[in-house]
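There are 4 protein chains.
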Amino acid sequence: MVEHVPLRRIPRQARGQRRMDAILDAAERVFAEVGYEAATTNAIAARAGTAIGSLYQYFSNKEAILRALADRFLDQLRGVLDVALDDAAALADAPLESLVDRILDPVLAVRAARAGILDLYFRAGRPGGEVAQAAHGLIDEIVARLDAIVAAREPWLDREPRRLRVRIVLEVVRALLPLTAPGGVPRPEVIAELKRVVRAYMAAIRDEVTGNP
Amino acid sequence: MVEHVPLRRIPRQARGQRRMDAILDAAERVFAEVGYEAATTNAIAARAGTAIGSLYQYFSNKEAILRALADRFLDQLRGVLDVALDDAAALADAPLESLVDRILDPVLAVRAARAGILDLYFRAGRPGGEVAQAAHGLIDEIVARLDAIVAAREPWLDREPRRLRVRIVLEVVRALLPLTAPGGVPRPEVIAELKRVVRAYMAAIRDEVTGNP
Amino acid sequence: MVEHVPLRRIPRQARGQRRMDAILDAAERVFAEVGYEAATTNAIAARAGTAIGSLYQYFSNKEAILRALADRFLDQLRGVLDVALDDAAALADAPLESLVDRILDPVLAVRAARAGILDLYFRAGRPGGEVAQAAHGLIDEIVARLDAIVAAREPWLDREPRRLRVRIVLEVVRALLPLTAPGGVPRPEVIAELKRVVRAYMAAIRDEVTGNP
Amino acid sequence: MVEHVPLRRIPRQARGQRRMDAILDAAERVFAEVGYEAATTNAIAARAGTAIGSLYQYFSNKEAILRALADRFLDQLRGVLDVALDDAAALADAPLESLVDRILDPVLAVRAARAGILDLYFRAGRPGGEVAQAAHGLIDEIVARLDAIVAAREPWLDREPRRLRVRIVLEVVRALLPLTAPGGVPRPEVIAELKRVVRAYMAAIRDEVTGNP
DNA sequence: AATGAATGAGAATTCATTCAT
DNA sequence: AATGAATGAATTCTCATTCAT
Numbered sequence: 002m003v004e005h006v007p008l009r010r011i012p013r014q015a016r017g018q019r020r021m022d023a024i025l026d027a028a029e030r031v032f033a034e035v036g037y038e039a040a041t042t043n044a045i046a047a048r049a050g051t052a053i054g055s056l057y058q059y060f061s062n063k064e065a066i067l068r069a070l071a072d073r074f075l076d077q078l079r080g081v082l083d084v085a086l087d088d089a090a091a092l093a094d095a096p097l098e099s100l101v102d103r104i105l106d107p108v109l110a111v112r113a114a115r116a117g118i119l120d121l122y123f124r125a126g127r128p129g130g131e132v133a134q135a136a137h138g139l140i141d142e143i144v145a146r147l148d149a150i151v152a153a154r155e156p157w158l159d160r161e162p163r164r165l166r167v168r169i170v171l172e173v174v175r176a177l178l179p180l181t182a183p184g185g186v187p188r189p190e191v192i193a194e195l196k197r198v199v200r201a202y203m204a205a206i207r208d209e210v211t212g213n214p
Numbered sequence: 002m003v004e005h006v007p008l009r010r011i012p013r014q015a016r017g018q019r020r021m022d023a024i025l026d027a028a029e030r031v032f033a034e035v036g037y038e039a040a041t042t043n044a045i046a047a048r049a050g051t052a053i054g055s056l057y058q059y060f061s062n063k064e065a066i067l068r069a070l071a072d073r074f075l076d077q078l079r080g081v082l083d084v085a086l087d088d089a090a091a092l093a094d095a096p097l098e099s100l101v102d103r104i105l106d107p108v109l110a111v112r113a114a115r116a117g118i119l120d121l122y123f124r125a126g127r128p129g130g131e132v133a134q135a136a137h138g139l140i141d142e143i144v145a146r147l148d149a150i151v152a153a154r155e156p157w158l159d160r161e162p163r164r165l166r167v168r169i170v171l172e173v174v175r176a177l178l179p180l181t182a183p184g185g186v187p188r189p190e191v192i193a194e195l196k197r198v199v200r201a202y203m204a205a206i207r208d209e210v211t212g213n214p
Numbered sequence: 002m003v004e005h006v007p008l009r010r011i012p013r014q015a016r017g018q019r020r021m022d023a024i025l026d027a028a029e030r031v032f033a034e035v036g037y038e039a040a041t042t043n044a045i046a047a048r049a050g051t052a053i054g055s056l057y058q059y060f061s062n063k064e065a066i067l068r069a070l071a072d073r074f075l076d077q078l079r080g081v082l083d084v085a086l087d088d089a090a091a092l093a094d095a096p097l098e099s100l101v102d103r104i105l106d107p108v109l110a111v112r113a114a115r116a117g118i119l120d121l122y123f124r125a126g127r128p129g130g131e132v133a134q135a136a137h138g139l140i141d142e143i144v145a146r147l148d149a150i151v152a153a154r155e156p157w158l159d160r161e162p163r164r165l166r167v168r169i170v171l172e173v174v175r176a177l178l179p180l181t182a183p184g185g186v187p188r189p190e191v192i193a194e195l196k197r198v199v200r201a202y203m204a205a206i207r208d209e210v211t212g213n214p
Numbered sequence: 002m003v004e005h006v007p008l009r010r011i012p013r014q015a016r017g018q019r020r021m022d023a024i025l026d027a028a029e030r031v032f033a034e035v036g037y038e039a040a041t042t043n044a045i046a047a048r049a050g051t052a053i054g055s056l057y058q059y060f061s062n063k064e065a066i067l068r069a070l071a072d073r074f075l076d077q078l079r080g081v082l083d084v085a086l087d088d089a090a091a092l093a094d095a096p097l098e099s100l101v102d103r104i105l106d107p108v109l110a111v112r113a114a115r116a117g118i119l120d121l122y123f124r125a126g127r128p129g130g131e132v133a134q135a136a137h138g139l140i141d142e143i144v145a146r147l148d149a150i151v152a153a154r155e156p157w158l159d160r161e162p163r164r165l166r167v168r169i170v171l172e173v174v175r176a177l178l179p180l181t182a183p184g185g186v187p188r189p190e191v192i193a194e195l196k197r198v199v200r201a202y203m204a205a206i207r208d209e210v211t212g213n214p
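Residue numbers (our numbering), protein chains in the order written: chain A, 2 to 214; chain B, 2 to 214; chain C, 2 to 214; chain D, 2 to 214.
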């Protein structure tokens with residue numbers, strides 16, 4: 002669960018909200034371009050067309066911006082996952098193939114639209130650093146939700162191994178996402194391979210349990 | 002292939018070589034602890050028990066240390082891979098299972114011994130930054146060598162898809178390695194899953210080509 | 002013509018302008034005391050009663066300070082020369098004697114008031130270095146303006162020899178200026194000799210052309 | 002009079018003398034290229050093909066090298082001046098024209114051969130700095146010797162104004178020397194003007210005293 | 001609320017000089 | 001004597017954050 006960001010001031014007026022969004026938009030672009038560590042708050046403010054002082058009126062420090070960005074992004078992702086996972090839950094008995102498509106396709110769509118930020122969190126940065134922590138929140142939430150789906154589909158799996166396997170799928174996806182559209186150019190053949198890895202792994206798990214070859 | 006680092010001074014005396022090693026050892030630890038960007042050359046020198054000036058006698062800047070570290074590590078890895086891949090080549094007809102073991106086990110051993118540096122390069126850091134570039138060299142070499150093995154085993158595969166798949170396996174391994182011993186505690190069950198993913202994926206590829214289910 | 006300095010921040014508030022001036026004043030003194038190379042930005046900031054960070058808000062590096070100083074000084078000098086040279090132009094037929102006085106007296110006045118900076122640029126420093134370059138701009142402008150006067154007075158002179166001679170007069174003045182008030186003590190007899198050199202040289206040129214002895 | 006350099010060790014063997022010369026040769030080139038301040042002792046040692054430690058066995062510090070260089074150069078210059086000034090003294094009654102030639106031509110020859118070092122001392126560098134001090138010695142000696150000649154030729158001149166005028170001639174020569182062969186390309190027309198300035202000035206002085214126009 | 005000027009600790013790097021081998 | 005490794009004070013410049021206007 003992502004801790005809530007120590008917002009310095011919760012803006013009550015639309016103008017404030019607009020300004021906060023502008024700062025977050027700018028931060029997202031700047032972080033994507035040079036990474037979190039190398040990004041400067043002055044650069045973010047400049048990109049947002051704001052004075053640096055205003056930035057600090059909304060965010061107590063650089064990390065708070067990162068956290069708010071994670072929150073904002075998580076909200077969006079949550080929306081996508083809500084649909085995808087509900088769908089998937091409904092398809093509890095559907096074949097693996099369509100399940101994987103149902104979940105991965107929306108994620109790939111999000112990644113296509115927000116490559117910068119997704120890669121930011123998925124690249125993780127300094128161990129124990131701010132980015133790693135913010136990413137942790139994201140990942141934990143996603144794991145929990147996927148786990149619920151798998152638990153529903155395969156109730157005979159034990160909790161711990163199940164969680165581990167979900168985590169592994171997530172890590173695999175996270176590792177391969179950047180290859181699906183390097184430099185913004187979509188590579189469908191990579192997407193196909195990504196799905197193949199996930200399906201093959203999930204099938205292997207199922208077959209082991211059910212005793213299939 | 003990682004370019005060789007322009008060392009500022011090639012040590013002529015044993016003392017110098019010892020000191021260079023001490024600096025590299027220190028850098029490896031410091032980079033592992035706080036990451037490349039946050040590591041300071043003064044911290045590295047202090048950890049090496051050396052004056053900052055000595056560090057700069059051997060390395061023209063922080064990046065040169067990173068590169069030298071990559072070179073040194075690559076040498077070690079190359080030794081391990083030489084054995085592993087020769088073995089694997091010898092086992093051209095062996096079942097997938099033993100092939101994967103032959104290659105992954107030595108890599109896991111290296112990772113166990115040198116977690117810090119491996120993760121450093123595998124975490125990649127700022128896009129286009131120094132770490133990313135140094136990592137590139139490493140990865141390219143590893144991909145090329147694995148690809149040669151696969152090409153020998155499965156000559157019917159086309160060059161491009163083959164390379165892509167090798168790359169994907171590498172990325173998967175790279176993504177899951179940190180989970181195999183988080184905080185230095187080995188997790189055999191994660192290793193088992195790592196191997197499962199790789200085997201399942203490789204089997205899926207083989208089956209598609211041979212027409213198996 | 003001295004290129005205009007890329008100021009990092011153009012001050013919008015009066016406070017900023019005051020601070021920029023303070024930094025330039027401090028730099029002028031520090032440069033005059035120890036020379037450009039030996040001057041440290043920290044010393045300049047300290048002398049200006051400013052934090053080093055503020056200095057770098059206005060000037061992107063040490064050279065930018067030097068350039069801004071040249072600009073500021075050139076502005077002042079230009080003002081003086083405007084008057085002096087206009088006067089001189091008006092006296093196209095006046096005897097050499099009064100012409101030289103008209104031009105040199107204001108220059109000597111500037112030098113008396115701003116010995117430090119004038120000597121800085123006139124001492125030239127490291128060949129091809131920053132000071133030499135900044136000085137170049139100054140000198141070129143002065144030569145061009147003097148040349149225009151001479152061209153008006155002595156239209157029969159060819160362009161190239163004329164420019165050379167103007168340059169030589171300038172170099173002579175530049176070489177002797179520091180002797181006119183060493184350590185701030187004015188030496189009128191040196192000024193007299195300076196004028197004598199210049200007049201004698203100019204007379205010699207005129208006499209050669211007109212065929213006088 | 003130039004103070005004698007604190008040589009750390011007066012080399013007794015030819016080998017040592019050769020090494021000292023090599024270091025001085027190297028220093029002369031390096032100083033000429035980048036100036037005294039920017040020259041590093043390591044660069045000098047490298048250029049001399051010597052270890053830095055050896056350099057410090059002969060010279061106690063960077064300034065000592067500069068001083069030794071001045072001494073060495075002064076010895077050469079002294080030789081040239083001995084001939085030139087003796088000649089000139091012999092020509093006590095010769096016309097100004099030939100006197101100036103007798104003195105300036107050898108100086109111009111030295112400058113042509115040793116432009117680097119001559120300009121080094123004549124550019125003067127940081128006020129009160131090492132170069133300025135070393136140059137002082139040189140200049141004082143030259144002034145004294147020229148003054149003796151002039152005193153012989155024009156005994157009616159008072160001591161102080163005479164010295165001043167000699168100094169002024171020297172400064173003029175010093176200022177114009179660099180223009181006589183910028184970038185190593187000799188410019189005879191500049192040499193002609195240089196002589197014209199000197200002659201015109203000296204003639205003006207003589208005429209004033211003798212009451213000529 | 002907004003602005004942007006000010007701050008200063010801290011980072012990378014250089015280089016004259018010393019000293020162990 | 002010679003070598004070159006070691007030293008560390010000093011320098012330039014950055015950037016997160018505060019605060020006066």
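We put the CB at the ideal spot given by N, CA and C, even for glycine. Keep in mind that this is a model prediction, so the values were computed, not measured.
Asked                                                                                                                                                                  : Found
Residues in its own chain within less than 8 Å of VAL3 of chain D by CB, not counting five upstream and five downstream?                                               : With a pLDDT of 41 at VAL3 of chain D, under the threshold of 50, the modelled position of this residue cannot be trusted; read the value that follows with caution. Closer than 8 Å at Cβ, skipping near neighbours: ARG68, ALA71, ASP72, LEU75, ALA135, GLY138, LEU139, GLU142.
Just to check my reading of the structure: ALA49 of chain B and ALA23 of chain B have Cβ atoms closer than 8 Å, yes? What is that Cβ distance to the nearest angstrom? : 4 Å
Please report whether the beta-carbon of PRO162 of chain B lies at a distance below 9 Å from any beta-carbon of chain A.                                               : yes
Give me the residue from D:TYR37, D:PHE32, D:TYR59, D:ILE169 with the minimum Cα distance to GLN18 of chain D.                                                         : D:TYR59
Compile a chain-ordered list of the residues in the region 30-42 of chain C whose CB is closer than 7 Å to at least one CB of chain D.                                 : VAL35, GLY36, GLU38, ALA39
Ordered along the chain, which non-local residues of its own chain (more than five positions away) have a Cβ less than 7 Å from that of HIS5 of chain B?               : Because HIS5 of chain B carries a pLDDT of 39, less than 50, the predicted location of this residue cannot be relied on, and the following value inherits that uncertainty. Closer than 7 Å at Cβ, skipping near neighbours: ASP72.
In the structure shown, what three-state DSSP assignment does PHE60 of chain A receive?                                                                                : strand
Where does GLN1 of chain D fall in DSSP's three states?                                                                                                                : The requested residue 1 of chain D does not occur in the structure, where chain D is confined to residues 2 to 214.
Return no unless some Cβ of chain B is closer than 9 Å to the Cβ of GLU190 of chain A.                                                                                 : yes
Name the residues in the region 166-189 of chain B whose C-beta lies less than 8 Å from a C-beta of chain A; which are they?                                           : ARG166, ARG168, ILE169, GLU172, VAL173, ARG175, ALA176, LEU177, LEU180
Which bits of chain C does TYR122 of chain D rub up against, with CB to CB less than 7 Å?                                                                              : By Cβ distance, chain C contributes nothing, its closest Cβ being about 13 Å from TYR122 of chain D, past 7 Å.
What residues from the region 190-214 of chain C come within 8 Å of chain D, judged by C-beta to C-beta, listed N to C?                                                : GLU190, VAL191, GLU194, LEU195, ARG197, VAL198, ARG200, ALA201, TYR202, ALA204, ALA205, ILE206
Check the C-beta distance from LEU171 of chain C over to THR181 of chain C and give it rounded, since I have them as a contact under 8 Å.                              : Contact doesn't hold; Cβ gap of about 15 Å is too wide.
Is the Cβ of GLY80 of chain A closer than 9 Å to any Cβ of chain B?                                                                                                    : no
Any beta carbon from chain C within less than 9 Å of GLY130 of chain D's own beta carbon?                                                                              : yes
Any chance the region 79-90 of chain C sits against the region 106-115 of chain C, with 3 or more Cβ pairs inside 8 Å?                                                 : yes
Is the CB-CB distance between VAL111 of chain B and GLN77 of chain B below 9 Å?                                                                                        : yes
Tell me the DSSP secondary structure of GLU155 of chain A in three-state form.                                                                                         : coil
Report the residue from C:VAL167, C:VAL191, C:GLY184, C:ALA152 whose alpha carbon sits nearest the alpha carbon of VAL167 of chain D.                                  : C:VAL191
Are the region 144-161 of chain A and the region 202-210 of chain A in contact at 8 Å, needing three or more beta carbon pairs?                                        : yes
By alpha-carbon positions, which one of D:GLU98, D:THR211, D:SER55 ends up nearest to ARG197 of chain D?                                                               : D:GLU98
Could you tell me the boundaries of the alpha helix (DSSP H) in which VAL186 of chain D lies?                                                                          : Here VAL186 of chain D belongs to no alpha helix (DSSP H), and DSSP marks it neither H nor E.
Just to confirm before moving on: does the CB-CB distance between ALA27 of chain A and ALA116 of chain A stay below 9 Å?                                               : no
Tell me whether ARG175 of chain C is buried or exposed, calling it buried when 16 or more other Cβ atoms sit within 10 Å of its Cβ.                                    : buried
Return helix, strand or coil for GLY138 of chain B, following the three-state DSSP convention.                                                                         : helix
Can you tell which of B:GLU161, B:ALA113, B:ILE53, B:ARG164 has the C-alpha that lies nearest to the C-alpha of PRO187 of chain B?                                     : B:ALA113
Could you work out which residue in C:LEU82, C:ARG164, C:LEU119, C:GLU29 is closest to GLY102 of chain C when comparing CA atoms only?                                 : Note on residue identity: the sequence assigns Asp, not Gly, to residue 102 of chain C. Considering only alpha carbons, the answer is C:LEU82.
Sorted by chain position, which residues of the same chain lie with C-beta nearer than 7 Å to LEU92 of chain B's C-beta, five sequence neighbours on each side aside?  : SER99, LEU100, ARG103
Output the distance between the C-alpha atoms of GLU161 of chain A and ALA40 of chain A, rounded to the nearest integer angstrom.                                      : 39 Å
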